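Quick note: the sequence shown uses the numbering used here, first residue 166, plus one each step.
No residue lacks a Cβ here, since even glycine has one placed at the ideal position from N, Cα and C.
Bear in mind the structure is a predicted one, so any value in this text is a computation, not a measurement.
Please read the structure below before turning to the comments.
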Amino acid sequence: MSVKLPKRLSSKKKKAPQNNAQAEVLQKLGLEALCTTPLDPVSMLDISTWTLENNPPLEPKDLPNAFLQRLWLLSPDARSPCCKPVHDVLNDANKSPEEMINGFGGESQSDINPLDLVTAIFMSSNTFLQQEITVRMVQCKFAVPLVLPNIDPEEPSRFLLWPFRGVVSQWRSNFPDKNRKVHRGDLASTYMPMVSCVKLGHCGVSKSQVLNNVISGLRSPSQTFLHRGMEGGQLPRRLSNGLVEIGWYLPTGDTASDSFPVPVVISNLRGDASTHEKNLSLLCQASSAVVVFCGNLREKDKQLLATCKGMACKLILVDVSDTEKNENRAVGFVDQNLEEDIGLPRGSVLQGRALSEEELANRLCDNLRDLLPDKLKLVTLEVAAKIAVELGLNVDEGVVCKKAMATVEEVLKGLDEGSAQFRKKQLPLQGPLWSKLAEIEKEERKQRNKEKEVNPQLQKEKKDILVELSTYKMTPAMKIFTDALFTTDTMERTYFLSWMKLKLQLMQTENQNSAQGLFTDQQTERKDDMLEHSDEFENEANNDLGDDDSFCTDSTFEEEETEDSQQQVEQGQELEYWQTFTENTIEPQSQQKEHLESTLDPAIEQELHMMSNEKEIQDEEIIESKTASCSQLFEPDLSLLGLEHFLREMGLIFELTHISPSSGSHNVLRLPSLATDLLLYGMPLELMDGDASNIPIHWLSCVFAELKRRLPQEQCRTRVLTNLSLHDARNAEILSALFGVKFPEGRKRSTRGLYMVVLCLPDDLRKDMECEFLLLIDVEGLCSMSLDNQSNMLIHDNEMATVATGLCDVLMQNMSSHEDTDLETNFTVMVNALLRIKECGSFPICQVLAQDEGINNVLQASQLRRVFEMLQTEPGANVTSYNGSHHAKIPTSITCVKGPWYNMFLSEPIDMQYRKAVLQLKKNLFGALKKCAAKSEATSLSEFISRLCAVWDAVRAESFSIDLQNTDIALAFSLLCTQLSQWEDSFLEHMESWLMGAKQKIFATKAKALDAAIQNVLLSELKDKAREEVKTETDKLRSKVEAYLMTDDSLKMNTFKPALMSNMNYLLEQVTEEITERLETINESHCSSTQLKKFETLLEKEQESKLHALVENSKSTNVLLQDAELEAEFEGMWSKILSNFDFRPSETDDITARVTDILKENLISRGLQKHMKKLELIGQNQTSSFQVYDEHFGYRSRLKHMFEDNNRQQRLEAHQVASNIIEEYNQFVAEKSSLPADFSDSYITELLENVEKALQEKSMEIRSAFEVDLKVYLCSTACQDFQKLHDRYAKDRELLTCITEAKSTYLGEFIYQFRKRDQCQRVAQAFTTMVIKPTVLDYIHGPLGMRIVEEIRGQAQQFKSPRAFHQSLLEKLIKEDCFESFLEYLLSYDNFRLRKIQETVVAHLSESTNLDKWRQQRLGEIVGKIAAAVSQTAEGTNGVLSDTKPLLERVCLTLESDGDMDVTRACLDGPLFSITTEWDRFVTCLMELLAAMRLDLAQEFSQNVDITQLIQCLPTQPQDSLFNRVRGCNKQCPLCRAPCDLEEMGHEIHKALLHRPRGMLPHGSDSLSCPESMAEGHSGQSKETHDMSTCRGLHSLYADCSISPEDPDSQIPSAYWRYVMARFNERFAKEYKQEPANIPEDWKRITEEEALSSLKEAFIAGQW
């Protein structure tokens, strides 16, 4: 539709919805208001026509608009109830339509059931919009509502019949006899089987999914019926319960994929049938078969089934009950008993409990296929509507609709005599007189154009025609037609126009079917007896029908209700009638072939002849395919009628009033107003009669004058979009897909002409296109075959194409997908039109639409694009057309749209790219219309009529250099365009190669040698060379064109040469400009990339330094830095780099003018225009500081302070204020200059605002001159300060923008590198501390103890043997002369020895220097081994990210392989060491830590250390090792505890060299005393006798000890202990708390030397 009418098409308002669950759904969808004022087709302008994007709905209220938008684009996801949140819209992935068929694109789910969405939209739409929606839903293979539930549950449902009257399609029936024909019919009146499906009881099987599988069969999966498996389908239905929807199955003729051999209507009742009995009754009575899906049945369900059996012709039960939930059922399952109870035939029950949905669908399909085609009655939706009325349902076709239909019947009365006769009687003005008059006027125009006298014979013929036309009286049909249109009831008028289209379309369909030999005219075949017995035939057809083609008959009348008596017709009569009917309907195959061959053109006949030897079935398929898809194979029947013929007659009636003024009645004079109403409603207005090739100028002038009167004068600017293409290119369908408008379809009938529709633009497009209205012009019937003279038709085609091209601002060239045998003629018509309009000095912006991607289509589209681009007027040509517009050369784009018109069979799928292609085409067209606004002003309606007259006058006068019958020039010119395009491509390739060489020269400049002056000189030289090169190559191209023109006779005229030379000049300018710009871009890119590399190098250097410092600081402090601290460090580094970076200075870019303009606007906004002259001071150098003058103060203020201090105080205050403001300004400049950004105008704006704010805060009596002078002073200073900033950044502004945008990336990399390095450092530190250092210390200390032992033994002789060590101990005891030492020796012999050894070791290490040398040596060895192991592991890992754990384990294994060390690896098992890092960086950290550890240990070794502490760290204790070497056998004398001094290994008899006398041990410690000690107190007794007797006793007690008395004659061996005893007798007694021993006097006389001497003698003697 076009312009919204002030009054809706609804004749009455609907009842407002009640407050219930249904109303909540409408409210949630935002449709509650539309229930009272429903949507109409005009609403689709705002919803769909201007939509350029497929935007997803954001909330439930967006779903209705989204549904309609998607449906108008035939999108498979139109019914999706899903909304996408706003944050997901920005990340919308562009999913293919295939992905959205089942899942609706994967968006977030809404809480609206998709079936409720469809139902709500139908409830909110009027009947005409419902028809538009239905047509598109059927195209998308969606189920369409047939019975719509009322929003008020108490009101009856509504039966929708009108929406289905517009659904027309074609199909091929398929039968075993191979007699497959192409049929065409509408959904409302075509007889076909109707299978209704309902559900009783609860069942787990999805009935809708089963039906989808039935419809799809072996084809791609179908989603005709919405089901629970689709998104939103599982939600409860709140609006659509009781809805009856239908799907239309159409066969393709392929027995392998067709589910049924004939078209079938499948209806689906939503909800449980027991709760919608009225709808169930309707389906039972109106259907051919009823399929009941039986779930868990109850007794009342069984009774309902019995009722259904009585009403339905065929009842099929499907048992899908759930056996686990049957406790409350009266019927456990549907079995043969139930069949018998309700009287069903055997086999009427399908068991589906154990079957999947696919298997159940296959079985149901098999059952239905067995019933087709002759066992099911045929029905129509028209008959079903009558049954619905009887049941109390509302039917949408009310009184107004029936009245309009009756009026249409009156208008078309007499049409049964033939269309040619009807047109001759009722539409006489379109006869030969009108065509002859047009020819005479053209001839007169040609003669006047040639300045010749008009032929008198022509004048006489014209006068005779006018006299005959003056006798015209309006015919009855036109009288009724115009009166019907004059009605004030817009609903009735809309119904009338729709009925006219439908009735004429049905008639056209029958005529086409008859012409193809596929159908007979049923209106002439059906006799009155069929009307009388139609119901009988329907009820008994399952027994009598023998041929299926009766399904394909098209009903053009409404079936009447049959009386009961009419059902008694005998079966034989009925069968005889149907046999007669089918014989008339089905044409024998041989006759069909003969008829087809008689109507085919020679090319098709040759193709058929070549294929005659193939199989018969293949031959039939080829013929039928050609018949179905190529309408040009049949010559259009000029006798066919369309609504456009009545409207054309209406215009000619008014045009006649100009010829014969007396013939115009009152109603005739109102016809322009009526035509304007229709135009505003959306009906096309015919601009040119293509049959007569004439334009009713006076009629159109009056219509446009009326249109201009109705529209606001200031809103009448227009742009014109013309669709120019051949008759078979489906122009009307394409414009309907793009803009939702309806043009006459010239492809389907003999419509020829130019038609226009007016569209009112929305506000956003008005601004872009600089107009308010878009005029769409469609060319129909161009280059169609005709029975007239072919030369005349060629002239008419050229005239029509030229007028259409001359009127438009944007031309859409629509390339048909059909192959035309006369392609050259058709192509030349379009090219000639462009060439003629070019002569007028005007040329539209062109767009090409290709309906197919085939090679022929693409080549033809490319050829046209070359012609378009060649004829584009060059810039600066100053060529003005008759409409005063200037045209510029704009590239032409080619868009491929494979629409549903590509195949007329609804059974074929829609191309998945259709939606995207349509939106892209609309974008291209709107983009072209916006470009028109840039190059020319929009035309008014008056200017459009003037433009039409100018073009028509030029066409009639043939004031073009190209004759209307010439075809050679167009072909020659198109070939020249192709050749020139190839030459241009070669030229551009040459320049591209030259540019690559220039690029290499520019990039050959090294970064270090990059200087602005050098680069500018190089760039200037390259530009000069580029201009010379382009000019040279263009001259060569120009020479080629001139030579080509001289060789072609068709192009020798001077008409083309200026255009071609202008194109050469345009090419020269464009290529020169482009090459120059690209050179500048390349140069700037080189400089910028060099600068960027310099910046990144500097940044990398600074970053490396900063990272190293931060890592070292982190290592030393062991503090983990936070991100905020790192960001602060980075900001400091960033500012330092930007302040030190050498940006390229600006060349000449003074900011003074910018600052002056800002200040000027500021003063104007503050009303200070009188100070504008002071702005001249801005930019001058400031020689002094700001001065305060008396003129800054008012007269009264100066007079007040004059006698006080001569205004001194006032001036000081003002000066102080100015100083404060200037100080703030300095801080402001410093702050802005520190930012890494170029100068911005906002700086000055902010500065002026700061001044005004500061002055407002000070209450001073100052004039505006003070403010102005202060602002001028600051702005002058700012020019100097900010000029420096601008000069620094201006040249590298893009570089600055680039690095500023990448700052966050650099920051992230900085933080990442620090984190990785810090982590690397910490892990390396942990490995060094936990693994390396312990291993190093173990390696150093391991052999150190033994080395100390060996060195001590080498230097100290007492450690040679246990006896020597014992002797040395005794000697030291004598020398020490310390009782405590003797006491420790006697009581704790082992501890005493160990202490003495340890003292020896400590003393030795304190004096020795070898310890440090040993440790340093071992340290160097182990560090070298570790470094070698780490280096070995690091081979081949440079820059590679690796897991450190396995690599560290390899290091440990390498160290252990030496065999002299053991590495502790237990700590590696934890997560601490499992990180991913660059191994070479980790190795570097590890080596650094290893070196640091070595230095630390070396320094530690060189310092004085605690020997005792060091000894404790050694794994081998030297004192223990020495002790073990000198401890002997560790046996003691059992009497005196003297140690055994024997050194032989494994001796069994122990012997002490020096026994201790009694008294040295406490009493009770021994039971016996040594022999020598026994003689202490028995001096008068015989010692020998006593000792001998004692020794014999001891030998018997201690057999392993050698105890013998001393020699009584010698006292030497015992002198040592006697000396000690005598020396410490008192001390021993005191220590042991006993009486002192009686010491002989001679003991007291023993000296120390004698004791030592006896000791040595004893040990010497003991060796023997």
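Can you check DSSP and say which residues form a bridge with residue i?
i, result
"residue 1061", "1015"
"residue 1201", "For residue 1201, which the question treats as bridged, DSSP gives no partner whatsoever."
"residue 417", "337"
"residue 361", "432 and 455"
"residue 1327", "In the DSSP output, where bridge partners are listed per residue, residue 1327 has none listed."
"residue 888", "943 and 977"
"residue 310", "410"
Would you call the CB atoms of residue i and residue j closer than 9 Å?
i, j, result
"residue 397", "residue 203", "no"
"residue 1059", "residue 1160", "no"
"residue 1576", "residue 1509", "yes"
"residue 560", "residue 307", "no"
"residue 1062", "residue 897", "no"
"residue 1028", "residue 1132", "no"
"residue 459", "residue 486", "yes"
"residue 1001", "residue 967", "yes"
"residue 443", "residue 558", "yes"
"residue 1094", "residue 884", "yes"
"residue 1551", "residue 1721", "yes"
"residue 1638", "residue 1472", "no"
Return the CA-CA distance between residue i and residue j, expressed in angstroms with no decimal places.
i, j, result
"residue 1812", "residue 1819", "11 Å"
"residue 1503", "residue 1714", "43 Å"
"residue 845", "residue 923", "7 Å"
"residue 288", "residue 567", "22 Å"
"residue 248", "residue 382", "32 Å"
"residue 771", "residue 1137", "The predicted position of residue 771 is uncertain, since its pLDDT is 36 and thus under 50; a value taken from the coordinates is nonetheless stated next. Taking the straight line from one Cα to the other gives about 29 Å."
"residue 809", "residue 918", "10 Å"
"residue 299", "residue 570", "21 Å"
"residue 1677", "residue 1260", "59 Å"
"residue 1815", "residue 1798", "30 Å"
"residue 695", "residue 837", "Confidence at residue 695 is low in this model, with a pLDDT of 32, below 50, so the placement of that residue should be treated as unreliable; the coordinate-derived value is given next. About 45 Å."
"residue 1266", "residue 1182", "33 Å"
Return the chain-ordered list of same chain residues with a C-beta closer than 7 Å to the C-beta of residue i, the five sequence neighbours on each side being excluded.
i, result
"residue 137", "With the chain covering 166 to 1829 only, the question about residue 137 has no answer from this structure."
"residue 738", "Any reading at residue 738 needs caution, since the residue's pLDDT is 34, under 50, leaving its predicted position unreliable; the model's value is listed next. Nothing meets the Cβ criterion."
Quick one: what's got a C-beta closer than 6 Å to residue i's C-beta in the same chain, skipping five residues either side?
i, result
"residue 817", "594"
"residue 1429", "1333"
"residue 1449", "none"
"residue 612", "619"
"residue 1226", "none"
"residue 1810", "none"
"residue 1091", "none"
Report task. Give a yes or no on contact between the region 421–433 and the region 532–548, applying the rule of three or more CB pairs nearer than 8 Å. Result -> The answer is yes - the region 532–548 touches the region 421–433, with three or more Cβ pairs under 8 Å.
Query raised in the report: Three or more C-beta pairs closer than 8 Å, one from the region 441–454 and one from the region 414–424: is that the case here?
Result: Segments in contact, no.
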